[in-house]
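Participant:
Residue numbers (my numbering), protein chains in the order written: chain A, 1 to 241; chain B, 1001 to 1325.
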């Protein structure tokens, strides 16, 4: 059985259909890319998986158990962690304290939470910044901080929402290495990106969304040659029929 | 493990202990009754402001209805004494518990609102509480309740004309609220509450239960506010809705923290040490006609602090800086 199953999920906001009958499965240990042009419904689907919104119909299952509709707290407890497209750091706290908020979900005692948070910061390459206020970090550092905070909840699945977007090539390379290291820890990663050349070398499979629907699912090499994907990204003129 | 946070927390505890020792003994040299009165009120409001800081500062939920918890605490403790003969040394804690319970009852509907809407709802709750007690005959209505003078004793928490025991009583109250805030800062709850204040969506994605966090912070805040109200009732010897439940009490409980620094350990104490003497001096020098002047002074101070030091006066001391610049 797949670790995470998205089963026929639809979600509309007002009259706008953000996700229409989306189905796919995520295998344990893989890095799955969720790609598609702006407005394809990637972040909406993420919000459904993380419990932030409830799908109008369909179901999301983790290990065969329904998690859709349970809310973000229950999803976090069951092992789903996420980062946000627009960075949401706790700006009145230090970097270490930010990560401790995540660590407290698995460690009730402050000393244990602090130790776990320090280890996570080290893993994410932020160890030297532990005592800096979170607001003083640079944008790429803040992305890492969000990732550290999510990892501190000891997730089974990590959802990364445009973690590499807007970074310089060097910074993005650092991010890619970090995602690989996360995978080596046995954590399944689902990453939303709309920059294909960044995400495709990293993922084992990619799900392409367009206008709220699944356009295709496949290995990166297949995706880039798929005429429908090219049409969705670049328009009819560039699609080789 | 030795690090920045543990070192900072130990330092805070040592400083607090030293300050407490000074505060216990130094007032013994003061004979002036007016000065002692100002110190007692400043300490009381430092404790109340710290209680407000727990929900308003750490958890970021701006309450402008704390006069209700304050008034309930003083009414419950006073009436238990007057009607049922329960000694105030026990009654003040029941007053506090009722304050905490009231905060939970208010929180249940109001925490479904966020931000400014929550603040507005608490203003309305404050007015409802005031009008309810004003028209409720059992609790004395507008006439209020006198606390009968008893033999000075620790059980009755009455000390006759001697002001020093009252001072030590409110000092214990301040110490208790400070210690509560200090313990919260280092605990799982404190981290969760500050996360709720900074970003609700991020907090719940990390497994923080938002509603439960707000309710818990509110209950603790309400408990200490009720406790302070009960002590205040004992100290002044007479309570009526205007003296313990009027809307300006809610402002007076919140203001020292806003001035001194929200979500900080020392902000409420610093703010109260500045604001309450100023209020007492302006109302005693200007008499009845000066009633509005203290409000104008608060207004001016808040504007100056908000413009020059949005993190509060405590940030002048170079300690821990809170909030984005």
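All residues carry an ideal CB built from backbone N, CA and C; glycine is no exception.
Owing to the predicted nature of the structure, the values given are computational and were not obtained by experimental measurement.
Would you verify that the beta carbon of residue 110(A) is, or is not, closer than 8 Å to some beta carbon of chain B?
Facilitator: Residue numbering aside, residue 110(A) sits at position 110 when the first chain is read from its first letter. Yes, contact with chain B.
Participant: Can you name the residues that DSSP bridges to residue 210(A)?
Facilitator: Numbered from its first residue, the first chain carries residue 210(A) at position 210. According to DSSP, which records beta bridges pairwise, residue 210(A) is partnered with 213(A).
Participant: Go to residue 172(A), then tell me how far its alpha helix (DSSP H) extends in each direction, as first and last residue.
Facilitator: Residue 172(A) sits at position 172 when you count from the first residue of the first chain. Residues 169–184.
Participant: Find the nearest neighbour of residue 1213(B) within the set 1006(B), 1230(B), 1065(B), 1192(B), judged by alpha-carbon distance.
Facilitator: Start at 1 with the first residue of the second chain, and residue 1213(B) comes out as number 213. The residue with the shortest Cα to Cα distance from residue 1213(B) is 1192(B).
Participant: How about residue 104(A): is its C-beta nearer than 8 Å to some C-beta of chain B?
Facilitator: Here residue 104(A) is taken as the residue at index 104 of the first chain, counted from 1. Chain B, which has a Cβ nearer than 8 Å to the Cβ of residue 104(A), makes this yes.
Participant: At 4 residues or longer, and completely inside the segment 51–138 of chain A: list those alpha helix (DSSP H) runs for me, N to C.
Facilitator: Taking only runs of at least 4 residues, the alpha helix (DSSP H) segments lying wholly in the segment 51–138 of chain A are 72–77, 95–103, 110–123.
Participant: Roughly how many angstroms lie between the CA atoms of residue 1323(B) and residue 1301(B), to the nearest whole one?
Facilitator: Looking up residue 1323(B) in the second chain gives position 323. Looking up residue 1301(B) in the second chain gives position 301. Confidence at residue 1323(B) is low in this model, with a pLDDT of 42, below 50, so the placement of that residue is unreliable and no value is reported for it.
Participant: How is residue 1167(B) classed by DSSP in three states: helix, strand or coil?
Facilitator: As a first step, residue 1167(B) must be located in the second chain, where it is residue number 167. Note: residue 1167(B) maps to helix in three-state DSSP.
Participant: When burial is assigned at 16 or more other CB atoms within 10 Å of the CB, is residue 1162(B) buried or exposed?
Facilitator: Stepping through the second chain from its first residue, residue 1162(B) is reached at position 162. Residue 1162(B) comes out exposed.
Participant: Starting from the beta carbon of residue 114(A), find every residue of chain B whose beta carbon is closer than 9 Å, and list them in chain order.
Facilitator: Residue numbering aside, residue 114(A) sits at position 114 when the first chain is read from its first letter. Here the neighbours are 1001, 1003, 1005, 1006.
Participant: Kindly list the residues whose CB is nearer than 6 Å to the CB of residue 226(A), restricted to its own chain and excluding five residues on each side of it in sequence; keep chain order.
Facilitator: For the purposes of this step, residue 226(A) is taken as the residue at position 226 of the first chain. 216.
Participant: Are there 16 or more other CB atoms within 10 angstroms of the CB of residue 1266(B), so buried, or fewer, so exposed?
Facilitator: Counting from 1 along the second chain, the entry for residue 1266(B) is found at position 266. It counts as buried.
Participant: Tell me which same chain residues have a C-beta within less than 7 Å of the C-beta of residue 70(A), skipping the five on either side of it?
Facilitator: For the purposes of this step, residue 70(A) is taken as residue 70 along the first chain, with counting starting at 1. 51, listed in sequence order.
Participant: Which word fits residue 118(A), buried or exposed, when buried means at least 16 other C-beta atoms lie within 10 angstroms of its C-beta?
Facilitator: Here residue 118(A) refers to the residue found at position 118 of the first chain. When all chains shown are included, residue 118(A) counts as buried.
Participant: Find the residues of chain A that neighbour residue 1206(B), judging by a C-beta separation of less than 7 Å, and give them in chain order.
Facilitator: The residue you call residue 1206(B) lines up with position 206 of the second chain. Those are 76, 101, 102, 105, 149, 153, listed as they occur along chain A.
Participant: Taking a contact to mean a Cβ-Cβ separation below 8 Å, would you say residue 1220(B) touches residue 1054(B) in this structure?
Facilitator: On the second chain, position 220 is the one that residue 1220(B) refers to. On the second chain, position 54 is the one that residue 1054(B) refers to. It is a contact, given that the beta carbons lie within the stated cut-off.
Participant: Between residue 1195(B) and residue 101(A), which are expected to be in contact by the criterion C-beta below 8 Å, what is the C-beta distance as a whole number of angstroms?
Facilitator: In the second chain, counting from the first residue as 1, residue 1195(B) sits at position 195. In the first chain, counting from the first residue as 1, residue 101(A) sits at position 101. Confirmed, about 5 Å.
Participant: Cutting at 7 Å between CB atoms, please list the residues of its own chain near residue 1177(B), excluding the five before and the five after it.
Facilitator: Residue numbering aside, residue 1177(B) sits at position 177 when the second chain is read from its first letter. Answer for residue 1177(B): 1047, 1050, 1051, 1224, listed in chain order.
Participant: I'd like the ranges of any alpha helix (DSSP H) spanning at least 4 consecutive residues and lying wholly in the segment 1246–1280 of chain B.
Facilitator: You should have 1247–1260.
Participant: Rounded to a whole number of angstroms, what is the C-alpha to C-alpha distance between residue 1321(B) and residue 1067(B)?
Facilitator: Along the second chain, read from residue 1 onward, the residue named residue 1321(B) stands at position 321. Along the second chain, read from residue 1 onward, the residue named residue 1067(B) stands at position 67. Unreliable positioning characterises residue 1321(B) in this predicted model, as indicated by a pLDDT of 45, which lies under 50. A coordinate reading is not provided.
Participant: I'd like the list of long-range same chain contacts for residue 1141(B), defined as Cβ closer than 7 Å, with 5 residues on each side in sequence excluded.
Facilitator: What you label residue 1141(B) is simply residue 141 of the second chain in a count that begins at 1. Once the five neighbours on either side are set aside, the close Cβ partners of residue 1141(B) are 1134, 1135.
Participant: One question on the structure: do residue 1157(B) and residue 1234(B) come within less than 8 Å of each other, judged by their Cβ atoms?
Facilitator: Translated into positions along the second chain, residue 1157(B) becomes position 157. Translated into positions along the second chain, residue 1234(B) becomes position 234. Cβ atoms of residue 1157(B) and residue 1234(B): closer than 8 Å.
Participant: Residue 149(A) to residue 94(A), Cα distance in whole Å?
Facilitator: Numbered from 1 along the first chain, position 149 holds the residue referred to as residue 149(A). Numbered from 1 along the first chain, position 94 holds the residue referred to as residue 94(A). Rounded to whole angstroms, residue 149(A) to residue 94(A) spans 12 Å at the Cα level.
Participant: Between the Cα of residue 212(A) and those of 5(A), 55(A), 30(A), 4(A), spot the shortest distance and give me the residue it belongs to.
Facilitator: The residue given as residue 212(A) occupies position 212 in the first chain. Of the listed residues, the one whose Cα sits closest to residue 212(A) is 55(A).
Participant: Under 6 Å Cβ to Cβ from residue 1314(B), same chain only, skipping five residues before and after it: list those, please.
Facilitator: For the purposes of this step, residue 1314(B) is identified with residue 314 of the second chain, where counting begins at 1. Here the set comprises 1260, 1261, 1264, 1266, 1267, 1270.
Participant: Please return the same chain residues whose Cβ sits closer than 7 Å to the Cβ of residue 1074(B), not counting the five positions on each side in sequence.
Facilitator: Mapped onto the second chain, residue 1074(B) falls at position 74. Contacts found: 1095, 1229, 1230, 1232, 1233, 1239, 1244.
Participant: Residue 1151(B) versus chain A: which residues are under 7 Å apart at the beta carbon?
Facilitator: As a position in the second chain, residue 1151(B) is number 151, starting the count at 1. The contacting residues do not exist; residue 1151(B) stays about 46 Å from chain A at best.
Participant: Quick one: measure Cβ to Cβ for residue 1076(B) and residue 1147(B), integer angstroms, because I've assumed they're closer than 8 Å.
Facilitator: For the purposes of this step, residue 1076(B) is taken as residue 76 along the second chain, with counting starting at 1. For the purposes of this step, residue 1147(B) is taken as residue 147 along the second chain, with counting starting at 1. That pair is no contact at about 13 Å.
Participant: In whole angstroms, give me the CA-to-CA distance for residue 1184(B) and residue 1310(B).
Facilitator: Stepping through the second chain from its first residue, residue 1184(B) is reached at position 184. Stepping through the second chain from its first residue, residue 1310(B) is reached at position 310. In a straight line, the C-alpha of residue 1184(B) is about 23 Å away from that of residue 1310(B).
Participant: Taking the beta strand (DSSP E) that residue 5(A) falls in, what are its first and last residues?
Facilitator: Sequence index remark: in the first chain, residue 5(A) carries index 5 (1-based). Where residue 5(A) is concerned, the enclosing beta strand (DSSP E) stretches over 4–13.
Participant: Please say whether residue 80(A) and residue 49(A) have beta carbons closer to each other than 8 Å?
Facilitator: Against the first chain, residue 49(A) aligns to sequence position 49. Against the first chain, residue 80(A) aligns to sequence position 80. The answer is yes: Cβ separation under 8 Å.
Participant: Quick check: what's the CA-CA separation for residue 1003(B) versus residue 111(A)?
Facilitator: Your numbering for residue 1003(B) matches position 3 in the second chain. Your numbering for residue 111(A) matches position 111 in the first chain. Going from the Cα of residue 1003(B) to the Cα of residue 111(A) covers about 11 Å.
Participant: Rounded to a whole number of angstroms, what is the C-alpha to C-alpha distance between residue 1007(B) and residue 114(A)?
Facilitator: By 1-based counting over the second chain, the position of residue 1007(B) is 7. By 1-based counting over the first chain, the position of residue 114(A) is 114. One C-alpha to the other measures close to 13 Å.
Participant: Which residue from 33(A), 65(A), 17(A) puts its Cα closest to that of residue 7(A)?
Facilitator: On the first chain, residue 7(A) is found 7 positions in, with the first residue counted as 1. Among 33(A), 65(A), 17(A), the Cα nearest to that of residue 7(A) belongs to 65(A).
Participant: For residue 1102(B), tell me which candidate among 1016(B), 1210(B), 1070(B) has the shortest Cα-Cα distance.
Facilitator: If you number the second chain from 1, residue 1102(B) lands on position 102. The shortest Cα separation from residue 1102(B) among 1016(B), 1210(B), 1070(B) belongs to 1070(B).
Participant: Taking the alpha carbon of residue 1129(B) as the reference point, which residue from 1180(B), 1106(B), 1021(B), 1151(B) has its own alpha carbon closest?
Facilitator: The residue you call residue 1129(B) lines up with position 129 of the second chain. It is 1106(B) whose Cα lies nearest to the Cα of residue 1129(B).
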